[in-house]
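K.L.:
First residue of the sequence shown: 175, per the working numbering; consecutive thereafter.
Think of the CB as a built atom: it goes at the ideal place given N, C-alpha and C, for glycine as much as any other residue.
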Amino acid sequence: AAGLAAAGLILGLILPAMLFLRVEAAVVAQGEVAVAGGHRTAAHPQGGTVIALPAATGAAVAAGEVLAVLDSTAQAAELALAETQLAETEAARQRARATAAILRAGPEGPPATPAAAAAAGPADTGQEAAILALVRARAERARSARLADARDAAQLAALTARRDSLAAQAALLAAEAEVAADLALKGLTTAGGVRALERERAALAGEIGAAEAGIAEIRAATAARAAALAAEDAEAAARAEAEAADLAARAAALRQRIAGLKAEIAARTIRAPVAGRILTLAVPGPGAVLRPAEPLATIVPAEAPLVVTLALDPADAARLAPGAPARLRPAGAGARAGPALAGTVLSVAPDGLAGAADGRPAVRVEIAPGDPAGLRPGLPVEVVLRTGARTPLAYWLEPLTAFLGRAMREP
């Protein structure tokens with residue numbers, strides 16, 4: 175009887191506690207202070223040899239401040255070559271444009287000097303000797319053309335005068351032949367005299383025709399010579415203009431290349447992407463080699479808020495939601511003696527990441543500390559997360575209910 179009474183007493187005390195007593199559930203995990211949004215890095219896609227390293231670990235930097243300078247000797251040499259090629263190309267293009275301008279001016283008024291040639295076409299050609307040679311050659315050709323024109327003009331004048339003289343003689347012979355014909359009809363002269371006059375008129379007509387043919391030939395030769403010179407100038411001008419166009423295209427490509435090289439050289443100076451404090455540096459000093467795309471510096475942004483990050487088992491994380499309270503206790507000597515910091519769950523990553531030490535999947539949780547004073551990136555923190563209150567009976571029955579839930583599922 176005493177045993178039954180004791181058992182009843184125990185059940186009377188334990189059963190209500192198991193049914194009605196609420197026990198707070200919590201998850202304790204280790205987290206780490208980090209920067210919201212992560213750290214920022216500064217890198218170079220091609221890498222290279224560091225020739226200057228003004229940055230230092232732990233130093234504060236402003237946005238755009240120089241962190242390191244990489245060797246750009248090869249790029250500088252290529253830039254100098256491209257600039258030399260551009261200068262030569264521009265000089266050749268200006269010369270071609272000046273040549274075309276001189277040739278298009280025609281023989282009436284070609285520029286007499288390089289300065290006049292430049293005024294007629296482009297600005298300073300940069301090739302005065304070549305332009306002066308062209309001007310002199312055209313002046314000599316113009317002088318030869320004028321001499322030929324003068325010779326043709328003299329011959330034309332002589333033939334014209336001869337033709338006019340022969341025409342006058344032919345007119346007199348025609349009158350004389352007409353009188354002789356009348357006398358022959360009256361029997362006052364012989365028919366042989368009339369025929370002699372007709373033969374003389376025919377000979378004069380032949381000489382007049384020859385003179386007119388000579389005049390036409392001289393005029394045709396003069397016109398053909400002028401047309402040939404104009405065609406030669408037009409063809410040479412077209413070649414010069416085509417060359418100038420090709421050189422302009424090459425100059426544009428060289429300018430684009432020069433701009434790219436200057437941008438590449440400027441990019442060899444690595445600058446801080448944001449203001450903050452340098453957390454790590456990948457190289458010890460000048461002379462070190464930075465690998466392509468290797469982060470030179472890791473920077474903690476100055477304005478970014480601090481958060482506590484940790485990895486939880488998916489089963490524990492399933493009972494968490496943004497807004498849940500948390501208690502934070504920084505690690506370190508004397509940290510446990512101080513008060514715990516309050517915090518709030520910001521996010522529970524839905525897509526899990528491999529963060530458990532044994533390789534099992536984990537869920538990333540971010541917590542905002544209520545008072546971040548005294549916290550710094552990388553500091554380990556003990557995190558206590560409340561996951562709700564349950565009765566002891568619920569804890570005791572949880573394995574059984576979970577087993578039954580899996581057993582009752584359809585296969």
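#1: Going by DSSP in three states, glutamate 556 sits in which element: helix, strand or coil?
#2: Can you check DSSP and say which residues form a bridge with glutamine 204?
#3: Between which two residues does the alpha helix (DSSP H) holding proline 488 run?
#4: Under 8 Å by Cβ, that's how I've got glutamate 153 and threonine 483 pegged, so tell me the actual separation to the nearest angstrom.
#5: Tell me the rounded alpha-carbon separation between arginine 337 and alanine 331.
#6: Let me check one thing: in DSSP terms, what residues is glutamate 540 bridge-paired to?
#7: If alanine 606 and threonine 561 are in contact, beta carbons under 8 Å, what's the gap, nearest whole angstrom?
#8: Helix, strand or coil for arginine 337, going by three-state DSSP, please let me know.
#9: Please look up how many angstroms separate the CB atoms of alanine 495 and valine 537, rounded, as I've assumed it's under 8 Å.
#10: Assign alanine 210 to one of three DSSP states: helix, strand, or coil.
#11: What separation, rounded to the nearest whole angstrom, lies between the Cα atoms of glutamate 381 and leucine 340?
#12: By the 10 Å Cβ neighbour count, where 16 or more other Cβ atoms means buried, how is valine 519 classified, buried or exposed?
#13: Out of curiosity, what's the CA-to-CA distance linking proline 513 and alanine 236?
#14: From the DSSP output, read off the bridge partner residues of valine 235.
#15: Three Cβ pairs or more, each shorter than 8 Å: is that satisfied between the region 259 to 271 and the region 414 to 426?
#16: When we look at the beta-carbon of leucine 346 and count the other beta-carbons within 10 Å, is it buried (16 or more) or exposed?
#17: With distances taken between CB atoms, is the gap from alanine 500 to leucine 559 smaller than 8 Å?
#18: Can you find the residues in the same chain that come closer than 8 Å, C-beta to C-beta, to alanine 411, ignoring five residues on each side of it along the sequence?
#19: Going by C-alpha distance, which of His218, Pro228, Ile452, Val202 is nearest arginine 550?
#20: Taking the Cβ atom as the reference point for each residue, do leucine 502 and proline 543 lie within a distance shorter than 8 Å?
#21: To the nearest angstrom, how far is the alpha carbon of glutamine 220 from that of alanine 456?
#22: Just how far apart, CA to CA, sit aspartate 298 and glutamate 264?
#23: Assuming threonine 443 contacts valine 240 under a Cβ cut-off of 8 Å, what Cβ separation, rounded to an integer in Å, is found between them?
#24: Counting only the same chain and skipping the five closest in sequence on each side, list residues whose C-beta sits under 6 Å from that of alanine 234.
#25: Taking DSSP's pairing of strands, which residues face isoleucine 473 in a bridge?
#26: Under DSSP, the alpha helix (DSSP H) around alanine 261 begins and ends at which residues?
#27: Taking the alpha carbon of threonine 231 as the point to measure from, which residue in Ser318, Ala242, Glu386 has its own alpha carbon closest?
#28: Does DSSP put leucine 321 in a helix, a strand or coil?
#29: Would you tell me roughly how many angstroms separate the C-alpha atoms of glycine 300 and valine 474, rounded to the nearest one?
#30: Starting from threonine 223, follow its DSSP beta bridges and name the residues at the other end.
#31: Between the region 392 to 409 and the region 368 to 382, do at least 3 Cβ pairs fall closer than 8 Å?
#32: Would you call the region 398 to 405 in contact with the region 304 to 324, where contact means no fewer than 3 C-beta pairs closer than 8 Å?
#33: Pick helix, strand or coil for leucine 549, following the three-state DSSP scheme.
#34: Quick check on DSSP: helix, strand or coil for valine 368?
#35: Once you ignore the five residues that flank proline 554 on each side, which residues in its own chain have a CB closer than 7 Å to its CB?
#36: Give the secondary structure of leucine 421 by DSSP, where H, G and I count as helix, E and B as strand, and everything else as coil.
P.N.:
Considering the structure as presented:
#1: Correct three-state label for glutamate 556: strand.
#2: Residue pairing by DSSP puts glutamine 204 in a beta bridge opposite Glu556.
#3: 488 to 491
#4: Since the first residue shown for the chain is 175 and the last is 585, residue 153 is missing from the structure and cannot be characterised.
#5: 10 Å
#6: Thr483, Ser521
#7: The displayed coordinates of the chain run from 175 to 585. Any statement about residue 606 would go beyond what the structure contains.
#8: helix
#9: Their Cβ separation, rounded to whole angstroms, is 12 Å, which puts alanine 495 and valine 537 out of contact at 8 Å.
#10: coil
#11: 7 Å
#12: buried
#13: 35 Å
#14: Gly450
#15: yes
#16: exposed
#17: yes
#18: Thr273, Ala274, Leu277, Arg278
#19: Ile452
#20: yes
#21: 15 Å
#22: In this prediction, aspartate 298 scores a pLDDT of 48, lower than 50, which makes its location untrustworthy; the coordinate-derived value is nonetheless stated afterwards. So the two alpha carbons sit approximately 11 Å from each other.
#23: 6 Å
#24: Arg451
#25: Looking at the DSSP assignment, isoleucine 473 forms a beta bridge with Arg214, Ile452.
#26: 247 to 279
#27: Ala242
#28: helix
#29: Confidence is the limiting factor: at glycine 300 the pLDDT is only 48, short of 50, which leaves the residue's position unreliable, though a coordinate-based value still follows. When the Cα atoms are used, glycine 300 and valine 474 turn out to be separated by approximately 55 Å.
#30: Val463
#31: Contact between the region 392 to 409 and the region 368 to 382 is absent: fewer than 3 CB-CB pairs across the two stretches fall below 8 Å.
#32: yes
#33: coil
#34: helix
#35: Gln204, Glu206, Ala505
#36: In this structure, DSSP gives leucine 421 a helical state, which the three-state scheme calls helix.
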